[in-house]
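Asker: Quick one: the structure is below, questions incoming.
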Amino acid sequence: MAAELLESQTYLPEEQEQLATVASFLSAHEGKTGERPEPRYFLAGAEEHDQIELPEALHKVLVQAVAALTAGKAVTISPTVPKLTTQQAADLLGVSRPTVVRLTDSGDLPFERVGSRRKILLKDLLAYREARRQRQYQAIADTSLDVSDDEDPAAVNERLKRIRRQRAEQRRQAAGL
1 MAAELLESQT YLPEEQEQLA TVASFLSAHE GKTGERPEPR YFLAGAEEHD QIELPEALHK
61 VLVQAVAALT AGKAVTISPT VPKLTTQQAA DLLGVSRPTV VRLTDSGDLP FERVGSRRKI
121 LLKDLLAYRE ARRQRQYQAI ADTSLDVSDD EDPAAVNERL KRIRRQRAEQ RRQAAGL
């Protein structure tokens, strides 16, 4: 049984009626109280008082799984080791393996060397991915501007050029160039 728990599993949407009941409970509670249920969730056994409280993190996994299954999507749960190879890290980030190697060599992504191999901690990779995502959102916010329909396109273009130059200068300063 323990070996079965460590294998990847894909769950296809079935029993729509039962999933709908769970989704309905969650939305009814949110509609009634204006917020999600308090983080007290239990896994019940066969006996009346046979239950254990689930941690909030596990509850979030279950809520995501229910949402995906009710939307007709499959859910895959795949146990992962906390240390990843550069290829696994690249797959998770959606970049090439040489890009991950450059990130580790530059110090942007911490790693441990195991023999001649680089191993990246999953928590470090997830932290890097979130920081990268925040930088991307900030770059989008920094280079956007509100434009009305009656503004002169040439003036808008000049403002955008000025914003891009400022952003490029900020990147050069951050890189120490």
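If you're matching positions, the sequence shown starts at 1 in full-length UniProt numbering and goes up one per residue.
Glycine is no exception: its CB is placed at the ideal position from the N, C-alpha and C atoms.
#1: Mapping DSSP to helix, strand and coil, what is L26?
#2: Exposed or buried, which one is residue 179 when buried takes at least 16 other CB atoms within 10 Å?
#3: The alpha helix (DSSP H) spanning P121 covers which residue range?
#4: Is it a yes or a no for the region 81-95 touching the region 122-139, going by three-plus beta-carbon pairs under 8 Å?
#5: Have a look at L145 and L93 and give me their C-alpha separation to the nearest angstrom.
#6: Relative to the C-alpha of A67, which residue among V147, F25 and R162 is closest?
#7: With a 10 Å radius around its C-beta and 16 neighbouring C-beta atoms as the bar for buried, classify F111 as buried or exposed.
#8: List in chain order: all unbroken beta strand (DSSP E) runs of 3+ residues lying wholly within the region 102-151.
#9: According to DSSP, is T85 part of a helix, a strand, or is it coil?
#10: Buried or exposed: A2, going by 16 or more other Cβ atoms within 10 Å of its Cβ?
#11: Report the CB separation of L84 from I120 in whole angstroms; it is logged as a contact under 8 Å.
#12: Mapping the DSSP letters down to three states, classify E47 as helix, strand or coil.
#13: Helix, strand or coil, according to DSSP, for E158 in the structure here?
#14: Under three-state DSSP, which class holds A175?
#15: Between the C-alpha atoms of L6 and V156, what's the straight-line distance to the nearest angstrom?
#16: Going by DSSP, name the residue or residues bridged to E53.
#17: Just to confirm the assignment, what range does the beta strand (DSSP E) spanning V75 have?
#18: Under 6 Å Cβ to Cβ from D142, same chain only, skipping five residues before and after it: list those, please.
#19: Checking 7 Å against the spacing of the C-beta atoms, do L69 and L19 come in under that value?
Answerer: The short version:
#1: Start at 1 with the first residue of the sequence shown, and residue 26 comes out as number 26. If DSSP states are grouped into helix, strand and coil, L26 belongs with the helices.
#2: Missing from the structure shown is residue 179; the chain here goes from 1 to 177 and no further.
#3: The residue given as residue 121 occupies position 121 in the sequence shown. Sequence inspection shows Leu at residue 121; the Pro mentioned does not correspond to that position. Run containing L121: none in the alpha helix (DSSP H); it sits in the beta strand (DSSP E), R117 to L121.
#4: yes
#5: Here the question's residue 145 lines up with position 145 in the sequence shown. Here the question's residue 93 lines up with position 93 in the sequence shown. About 29 Å.
#6: To locate residue 67, count along the sequence shown from 1; it is residue 67. Among V147, F25 and R162, the Cα nearest to that of A67 is on F25.
#7: On the sequence shown, residue 111 is found 111 positions in, with the first residue counted as 1. F111 comes out buried.
#8: 112-114 and 117-121
#9: The residue you call residue 85 lines up with position 85 of the sequence shown. Three-state DSSP puts T85 in coil, outside helix and strand.
#10: Taking the sequence shown and counting its residues from 1, the one referred to as residue 2 is at position 2. Summary for A2: the model assigns pLDDT 41, below 50, so the residue's position carries little reliability, and this model does not support an answer.
#11: Taking the sequence shown and counting its residues from 1, one reaches residue 84 at position 84. Taking the sequence shown and counting its residues from 1, one reaches residue 120 at position 120. Contact annotation, L84 with I120: C-beta distance approximately 5 Å; criterion of less than 8 Å satisfied.
#12: Reading the sequence shown from its first residue, position 47 is the one you call residue 47. Reduced to three states, the DSSP call for E47 is coil.
#13: On the sequence shown, position 158 is the one that residue 158 refers to. Helix at E158.
#14: Taking the first residue of the sequence shown as position 1, residue 175 is located at position 175. DSSP places A175 in the helix class (H, G or I) of the three-state scheme.
#15: If you number the sequence shown from 1, residue 6 lands on position 6. If you number the sequence shown from 1, residue 156 lands on position 156. With a pLDDT of only 45 at L6, under 50, the local geometry of the prediction cannot be trusted, and the value read off the model is given with reservation. For L6 and V156, the distance between alpha carbons rounds to 56 Å.
#16: If you number the sequence shown from 1, residue 53 lands on position 53. F42.
#17: The count along the sequence shown starts at 1 and reaches residue 75 at position 75. Looking at the DSSP string, the run of the beta strand (DSSP E) that includes V75 is V75 to I77.
#18: Position 142 of the sequence shown, counting from 1, holds the residue named residue 142. Taken in chain order, the residues that qualify are R167.
#19: Taking the first residue of the sequence shown as 1, we reach residue 69 at position 69. Taking the first residue of the sequence shown as 1, we reach residue 19 at position 19. Contact: yes.
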